[in-house]
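To start, the structure under review is shown below, and the notes come after it.
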Amino acid sequence: RAKADGRGTFCFFRDEMAATVEARRILELDLRKALANEEFELFYQPLVNLKSGKISTCEALLRWNHPVRGTVSPVDIIPVAEDMGLIVDLGRWILRRACMECMKWPDGVSVAVNFSPQQFHQRDVLSEIRYALEVSGLPAHRLEIEITESSLLRNTQLTHDILSQLHALGVRISLDDFGTGYSSLSYLHNFPMQKVKIDRSFLEGIDADRPLTLLRGVARLSADLGMAVVVEGIETNEQLELISADGTVTEGQGYLFSRPVPAVRVRQLLNASHGRHIHDGQVVS
Ligand code: C2E
Ligand code: MG
Ligand code: MG
Ligand code: MG
Numbered sequence: 487r488a489k490a491d492g493r494g495t496f497c498f499f500r501d502e503m504a505a506t507v508e509a510r511r512i513l514e515l516d517l518r519k520a521l522a523n524e525e526f527e528l529f530y531q532p533l534v535n536l537k538s539g540k541i542s543t544c545e546a547l548l549r550w551n552h553p554v555r556g557t558v559s560p561v562d563i564i565p566v567a568e569d570m571g572l573i574v575d576l577g578r579w580i581l582r583r584a585c586m587e588c589m590k591w592p593d594g595v596s597v598a599v600n601f602s603p604q605q606f607h608q609r610d611v612l613s614e615i616r617y618a619l620e621v622s623g624l625p626a627h628r629l630e631i632e633i634t635e636s637s638l639l640r641n642t643q644l645t646h647d648i649l650s651q652l653h654a655l656g657v658r659i660s661l662d663d664f665g666t667g668y669s670s671l672s673y674l675h676n677f678p679m680q681k682v683k684i685d686r687s688f689l690e691g692i693d694a695d696r697p698l699t700l701l702r703g704v705a706r707l708s709a710d711l712g713m714a715v716v717v718e719g720i721e722t723n724e725q726l727e728l729i730s731a732d733g734t735v736t737e738g739q740g741y742l743f744s745r746p747v748p749a750v751r752v753r754q755l756l757n758a759s760h761g762r763h764i765h766d767g768q769v770v771s
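Using the UniProt record's numbering, the first residue of the sequence shown is number 487, and each one after it goes up by one.
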């Protein structure tokens, strides 16, 4: 058909675009239905205290069990949900579900919930969080909210106020993926946050020639500012040894300890980790 009307390439691209637009439209329709149809699920990945070897926190990570497409990654869901404005409803579901799940864990274990900028900047974010704590019965100090640098970009004064009020409430704020975005070191000291998660890209290709200079610098600075320091994406024992060497990094997260697991498996991980190190979901003493 494209050739017949003499506008070959143009028509081809137009059809491709139409197909993309159509695929996107279907995805959006499916996403709207998914919440009502209970197709979303939260997986959890532990953060391990490097001194004790115990799980301190489990991070909730969204999965979508699509009836046809199978498991869909949050990387494909979250940006679309943000564009659609669905992230607020979806985020509310995630927060409440995560708080309820955490209530089933031992007192010393917290839950971390990722917040997208839109969700973080919704007008009633504080009442959303207070309500989630209230209905679940979870004490505020067991909730950790992960935001990224993009949440700190706009409306500085307002952002500062929200963070201060969350802090007053007893909820911890964790700066996720640090080092991937605008990475202003001043964020660490200008905003009241209790934890920084250094992005796993800092671990890429480290060896004797390319030591952990940058990671150590960021870790020390954060620790000096009174923040807990997490390194994400730990996959090997060598990486674990390197980052544990000077005691600045408080927690680690990564496939070495465990991949994200379904809720039913969290309690197994927690039971198994009593005072011992966990390794890829298996207990190693
Ligand atoms: P994130 O919050 O930085 O989460 C860490 C991601 O890295 C997870 O991917 C996790 O499975 C993966 N990961 C953990 N350890 C390792 C490792 O050792 N090696 C490697 N290669 N990867 C590791 P996942 O679950 O696909 O989530 C991707 C991103 O999607 C998250 O990054 C977060 O930004 C977003 N996301 C996930 N769940 C939610 C949610 O409930 N709400 C919001 N707003 N965003 C979410
Ligand atoms: Mg996160
Ligand atoms: Mg992260
Ligand atoms: Mg990340």
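Quick reminder that beta carbons are idealized off the backbone N, C-alpha and C, glycines included.
Because the structure is a prediction, the values reported are computed rather than measured.
Just mark residue i as buried or exposed, buried being the case when its beta carbon has 16 or more other beta carbons within 10 Å.
i	result
serine 650	exposed
tyrosine 668	exposed
valine 554	exposed
threonine 557	exposed
methionine 503	exposed
aspartate 501	exposed
methionine 589	exposed
alanine 598	buried
valine 770	Confidence at valine 770 is low in this model, with a pLDDT of 45, below 50, so the placement of that residue should be treated as unreliable; the coordinate-derived value is given next. The residue is exposed, with fewer than 16 neighbouring Cβ atoms inside 10 Å.
valine 752	buried
glycine 761	Residue placement at glycine 761 cannot be trusted, given a pLDDT of 45 that sits under 50; what the coordinates show is reported in the next sentence. Looking at its Cβ environment, which holds fewer than 16 other Cβ atoms inside 10 Å, glycine 761 is exposed.
aspartate 732	exposed
Compute the beta-carbon to beta-carbon distance between residue i and residue j, rounded to the nearest angstrom, for a pair I have assumed lies under 8 Å.
i	j	result
glutamate 527	asparagine 551	6 Å
aspartate 593	glutamate 632	Rounded, the Cβ-Cβ distance is 21 Å, inconsistent with contact.
Taking 7 Å as the cut-off, is the CB of residue i close to at least one heavy atom of ligand 2?
i	result
glutamate 632	yes
aspartate 575	no
aspartate 662	yes
glutamate 635	no
For the beta strand (DSSP E) containing residue i, list its first residue and its last residue.
i	result
alanine 546	541 to 552
glycine 719	Here glycine 719 belongs to no beta strand (DSSP E), and DSSP marks it neither H nor E.
threonine 699	Counting along the chain, threonine 699 falls outside any beta strand (DSSP E), though it belongs to the alpha helix (DSSP H) covering 699 to 710.
valine 597	596 to 600
Could you spell out where the alpha helix (DSSP H) holding residue i opens and where it closes?
i	result
glutamate 614	611 to 622
threonine 642	642 to 655
phenylalanine 606	603 to 606
tyrosine 673	671 to 676
aspartate 575	573 to 588
isoleucine 563	560 to 570
Does the beta carbon of residue i fall short of 7 Å from some heavy atom of ligand 1?
i	result
isoleucine 720	yes
serine 542	no
arginine 686	yes
alanine 546	yes
glycine 740	yes
Does ligand 3 have a heavy atom nearer than 7 Å to the CB of residue i?
i	result
lysine 683	yes
Stretch pair the segment 725 to 741 + the segment 679 to 695: three plus CB contacts closer than 8 Å: With a cut-off of 8 Å on Cβ pairs, the segment 725 to 741 is in contact with the segment 679 to 695, counting three or more such pairs.
Below 8 Å, how does it come out for the segment 655 to 670 and the segment 620 to 627: are there three or more Cβ pairs, yes or no? Under the 8 Å Cβ criterion, the segment 655 to 670 counts as touching the segment 620 to 627, having at least three qualifying pairs.
Are the segment 515 to 522 and the segment 564 to 576 touching by the rule of at least three beta carbon pairs closer than 8 Å? Between the segment 515 to 522 and the segment 564 to 576, the count of Cβ pairs shorter than 8 Å is three or higher; the stretches touch.
State whether the segment 703 to 715 contacts the segment 738 to 750, with contact taken as three or more CB pairs (one from each stretch) at a distance under 8 Å. In this structure the segment 703 to 715 does not lie against the segment 738 to 750, because fewer than three pairs of beta carbons, one per stretch, are closer than 8 Å.
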